[in-house]
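J.: Numbering (the numbering used here), first residue to last: 49 to 167.
Note that the Cβ used here is the ideal one computed from N, Cα and C, for glycine as well.
Since we're looking at a predicted model, the values are computed, not measured.
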Amino acid sequence: MAKYNFQLVKQTLTEGEKDRIIAIYLNTADGVTDWAAATNDFGAASAVSMKQSLRNITKKLDKSAVGHAPESENSAPEKPTKGKKRKVECEETKGKKRGRKSKKEKAAEEKAEMGEEEE
């Protein structure tokens, strides 16, 4: 979980959002949140709305924390991009793909065989 500056959180969040976080915190034991109890304590419409509002609160804090808080310690370094392959100019053209013959090719082949047998 990201670390947030207390003063920034105190300034950014409304009283309702703070109450919602307190209700969630008080109904969390061993890292497991009892969403039904938190919903009843806070008086929200449903557990789904509580979860969504918590997501919105964290997004709000992330947006307001830009430039105020140090970056997370466990952020992965950026991966170097691979170079693009150059197209090689060659005079050879690739042959036709191997695969099943189409109906037209089969019919033409059979017709050619019939013509050879008649001769």
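Roughly how many whole angstroms lie between the Cα atoms of Met98 and Tyr52?
T.: Their backbone Cα atoms lie some 20 Å apart in a straight line.
J.: Out of Leu74, Asp110, Lys159, Ile70, which one is the CA nearest neighbour of Leu56?
T.: Cα-wise, what sits closest to Leu56 is Asp110.
J.: Rounding to the nearest angstrom, what Cα-Cα distance links Ala117 and Arg146 in this structure?
T.: Confidence at Ala117 is low in this model, with a pLDDT of 46, below 50, so the placement of that residue should be treated as unreliable; the coordinate-derived value is given next. So the two alpha carbons sit approximately 60 Å from each other.
J.: Which residue comes first and which comes last in the alpha helix (DSSP H) that contains Asn104?
T.: Counting along the chain, the alpha helix (DSSP H) containing Asn104 begins and ends at 95 to 112.
J.: Please classify Ala160 as buried or exposed, where buried requires at least 16 other C-beta atoms within 10 Å of its C-beta.
T.: With fewer than 16 other Cβ atoms within 10 Å, it is exposed.
J.: Compare the C-alpha of Lys108 against each of Met162, Thr60, Glu158, Ala85 and name the closest.
T.: Closest by alpha carbon: Thr60.
J.: In the structure shown, what three-state DSSP assignment does Ala92 receive?
T.: Coil.
J.: Return helix, strand or coil for Thr87, following the three-state DSSP convention.
T.: Thr87 falls in the helix class under three-state DSSP.
J.: Taking the CB atoms as reference points, tell me whether Ile105 and Glu63 lie closer together than 8 Å.
T.: The answer is no: Cβ separation not under 8 Å.
J.: Where do the N-terminal and C-terminal ends of the alpha helix (DSSP H) with Tyr73 fall, by residue?
T.: 63 to 74 is the span of the alpha helix (DSSP H), which, as asked, contains Tyr73.
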